[in-house]
Every structure is written in structure tokens, then in C-alpha cells.
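Asks: Below is a structure I'd like to ask you about.
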Amino acid sequence: MTIKTTTLFRMLRVGERVSFDNGRITLSLEDKSGRTARLKLTLAQNVVVDKPRVAANVEPSNTQLE
1 MTIKTTTLFR MLRVGERVSF DNGRITLSLE DKSGRTARLK LTLAQNVVVD KPRVAANVEP
61 SNTQLE
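When the count follows the numbering used here, it moves up by one through the sequence shown with no breaks and lands on 66 for the last residue.
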């Protein structure tokens with residue numbers, strides 16, 4: 001089964017936010033330092049969050065998710 005996706009690129013400054021699905025999901029840029037950014041996701045209670053996945057550029061470790 002193929003899921004149709006949409007890709008969005010948006011430049012944000014610290015303190016700015018972007019929302020999705022009529023405000024059910026909000027992404028805020030809280031802090032930025034060098035190549036690291038602190039993001040805040042605010043989700044409606046009925047939004048399902050999947051388990052974290054290993055990023056493509058990170059080598060897997062022996063740590064298991066519980």
C-alpha cells in the first residue's frame with residue numbers, strides 16, 4: 001500500500017510556528033544553536049504519534065525501545 005505524502009519546506013525563526021490540519025498539530029522553533037534546533041510539537045489529544053525511528057544518517061545501537 002502506497003501512502004500519498006506532501007513535502008513542505010519552510011524557513012522559521014526562533015519563536016515562529018507553523019500549524020497543520022486546522023491547528024491540530026503545531027510545530028514551533030523554540031531555540032537554534034549552530035546546526036541544532038529545539039522544536040516543540042503541540043498536538044490535539046486524538047493525534048496518533050508513532051514510535052521514534054532511527055534517522056537515516058544515524059547508526060543503530062543496541063538500545064531497544066520499550
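We put the beta carbon where it would ideally sit given N, CA and C, even for glycine.
For clarity, every value in this text was computed on a predicted model and none was experimentally measured.
#1: If V47 sits next to I25, beta carbons under 8 angstroms apart, how far is it from one beta carbon to the other, in whole angstroms?
#2: Based on the DSSP output, what are the partners of A37 in its beta bridges?
#3: On the DSSP letters alone, give me the boundaries of the beta strand (DSSP E) that V18 sits inside.
#4: Would you say I29 and V49 are within 7 angstroms of each other, going by their C-beta atoms?
#5: Comparing C-alpha positions only, which one of T36, F9, G23 sits nearest to Q45?
Replies: Checking against the coordinates, here is how it stands:
#1: Contact holds; Cβ gap of about 6 angstroms.
#2: In the DSSP output, where bridge partners are listed per residue, A37 has K32.
#3: Element bounds for V18: 17 to 20.
#4: Reading the sequence as shown, one finds Leu at residue 29 and not Ile. With a cutoff of 7 angstroms on beta-carbon distance, L29 and V49 are scored as not near each other.
#5: Among T36, F9, G23, the Cα nearest to that of Q45 is on G23.
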